Structures are given as structure tokens and as C-alpha cells.
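Inspection log for the structure reproduced underneath, given as C-alpha cells.
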Amino acid sequence: MDTFFSVAEMSRFSSRSRKEGKSISFVPTMGFLHEGHVSLIREARRRGDVCVVSIFVNPTQFGVGEDFQSYPRDLERDTEIALKNGVDVLFVPGAAEMYPKGYQTYVNVEEITLPLCGASRPGHFRGVATVVAKLFNIVKPDSAIFGEKDYQQLAVIRRMVGDLNMGVEIVGMPIVREPDGLAMSSRNAYLSPAERKSALCLSRAIAAAIELYRSGNRSVPALRNEALRIIGEEPAARVDYVELRDGESLAEVDTADDGTVLALAVRIGATRLIDNRMLGRGVVCRETC
Ligand code: AMP
1 MDTFFSVAEM SRFSSRSRKE GKSISFVPTM GFLHEGHVSL IREARRRGDV CVVSIFVNPT
61 QFGVGEDFQS YPRDLERDTE IALKNGVDVL FVPGAAEMYP KGYQTYVNVE EITLPLCGAS
121 RPGHFRGVAT VVAKLFNIVK PDSAIFGEKD YQQLAVIRRM VGDLNMGVEI VGMPIVREPD
181 GLAMSSRNAY LSPAERKSAL CLSRAIAAAI ELYRSGNRSV PALRNEALRI IGEEPAARVD
241 YVELRDGESL AEVDTADDGT VLALAVRIGA TRLIDNRMLG RGVVCRETC
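All residue numbers for the sequence shown refer to my numbering, where the first residue is 1 and numbers rise by one.
Below you can see the structure in the form of C-alpha cells.
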């Protein structure tokens, strides 16, 4: 496995691979890798001749007062995980490499970035779209693999790639969960043991709303209230948003159907966690369903 720290090295490698007729599949991450990331790496290996994983904690997608400084980082551990899982190239650019002095170009995706995480984290998706566009130009992938865990991010990237004719195939992969239902996330490392228990209210809220949906209830307020009721039972939890939206456009819906996504963001203490589920999809986890 090669590890490249500079844009020039990465770009040269990709140009050479493409000239040799090899397809490149790409997994962009912020590191502190877990099984969720590994599921994307497996899919990338299945799809391409060369598997590239980037690790970059992107400063432009963090707002003032957010956790950019404290975001967990462990390159040694990430390198081991990448090696063990057959990654060909780890791309680890520094912030000055990605945003050198004088940098002033940003990608703005419009409507689809306004609700949900876009509303509570202004500027977040501008940072995400910009860094992903830059990474695509550097890595030159044929396909890129993203997790449905960050549901809105995936929708924003699909929109950007379509709108700007980027010619990269975008692949979405299901959320990987802990055995008790908590969606895996690098940010779970922030949780104290008590908070870790409280954090189960996210997947429980989704499971409860799904159960109500399966019983035939199609009312958006009723499904939303069911999720809110479960989260409300958890004193450590503060709701950022709980919403039902069209799974593709993320527009508001009048009634729920199989293509509706239930998306939520909840603070457990100081840690903001997100989770989601398409209503027409299978079980949340073995234990709650
Ligand atoms: P991050 O390092 O958190 O920016 O995530 C990098 C990629 O991994 C994104 O496409 C995420 O959606 C995906 N990802 C993160 N957590 C999970 C998970 N639990 N299951 C599946 N994909 C995930």
C-alpha cells in the first residue's frame, strides 16, 4: 500500500493508473476508521482495479464552535485497518495542501442543502461539496463509495456530480450498526459509557416510527411524534431535528410512503449524532425488531 501526502503524488498515481487502463474506486473519509468505512472499502475493492481511500479532516465543513480541533485522529491505526482491508492507496493531504494561501473557490449546491443538517450547520455542505469536487479532480475515480449514514451528504454529492457532469459513478452503501443498533460513527468515541447508552434512543426512535408505519400509519406528524416520544424519554438527549422527507429530493412530504426517509439529528451531551432510515427498508437491527 502507498501512502501519499501530496496532491501532486496522488494525481500522478491516478493519471498513470488510468493510462494503464485500470479503473479507480474511491472512498473519501475523515479517518478514525471503523466497520462502516470498511464496508465502503470492500465495495470499492469489488468495483475497481485500484482502491484509493482519503483521510482528510476537512476544515471548511466545520462551523465555528464545532469539533474540528477535537475530531478523533489516529493515522497509525487507520493505516493498519487500510492495509488489512486491501486498500491500494491512502491519500492523506494536509490542510495547506488542499487549501493553499489565496484559495477562494467553492462549490454551492442549492435547495437540497437547505433543510436538515444544512439548516443546523450553515456552510457545512459548501465545505463538503468543495472538498469532494477537489478530491475527485485529484483522485480521478471511476466510482466513489459513500455511506447512507450521511444521507443528505450522499444526496448532495449525487446532485453535484449530475449537475456538473463529473462522470463519477456514486454508490451508496447501507448504514453499519453496532449489535445494539447504534449507527457506527467516529464521533461515538466522544460518548461516555452513560451517553453511549443514551445514544440508543436514535435507533430506538427510528424502530418505533417504522413499527407505526408498518402498522399502516402514513401520517407524517404521527410518525414524527412517535420518534420524538422515544427520544423524549431520554433525559440526556436534545433534538436537533426529526423529519420525514422525500428520499431523493429531500423535499417535504404530505404523507409517508416507502420512498420517504426519516432523518434525525440528536445531541447526546455535547455530541451531535445523526441517523436515518427509508421507511420502506428492512429492520433497524436484530435486537430492536
Ligand atoms: P466520515 O469519515 O465520517 O466522513 O465518513 C466517511 C464515509 O463513511 C461517508 O461516506 C460516511 O457516510 C461513511 N460512513 C460513516 N459511518 C458509516 C456507517 N456507520 N455505515 C456506513 N457508512 C458510514
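Glycine is no exception: its CB is placed at the ideal position from the N, C-alpha and C atoms. Remember, it's a predicted structure, so these values are computed and weren't measured experimentally.
Asked, Found
"Secondary structure, beta strand (DSSP E): runs of 3+ residues fully inside the segment 118-160", "143-147"
"Under the three-state DSSP convention, the category Asn276 falls into", "strand"
"Pocket of the ligand AMP (residues with CB nearer than 6 Å to any heavy atom), chain order", "Thr29, Met30, Gly36, His37, Ser39, Leu40, Phe146, Gly147, Lys149, Asp150, Met173, Ile175, Val176, Ala183, Met184, Ser185, Ser186"
"Cut-off 6 Å between Cβ atoms - residues of its own chain near Glu234, not counting five sequence neighbours on either side", "Ser198, Cys201"
"Reduced DSSP category for Ala256 - H, G, I as helix; E, B as strand; rest coil", "coil"
"Pair within 8 Å by beta-carbon distance, Thr29 and Val53", "yes"
"Pair within 8 Å by beta-carbon distance, Leu90 and Met1", "yes"
"Buried versus exposed, by CB contacts within 10 Å (16 or more), Leu114", "exposed"
"Contact under 8 Å by Cβ, Leu279 with Thr260", "yes"
"Contact check, Val139 vs Phe26, beta carbons under 8 Å", "yes"
"Between the CA atoms of Ala133 and Glu211 - distance to the nearest angstrom", "39 Å"
"Contained beta strand (DSSP E) runs [length at least 3] in the segment 21-92, N- to C-terminal order", "24-29, 50-55, 89-91"
"Residue of Leu244, Ile175, Arg281 minimising C-alpha distance to Arg214", "Arg281"
"Pair within 8 Å by beta-carbon distance, Leu223 and Ala209", "yes"
"Distance, Arg46 Cα to Phe68 Cα", "32 Å"
"Thr105, DSSP secondary structure in three states", "coil"
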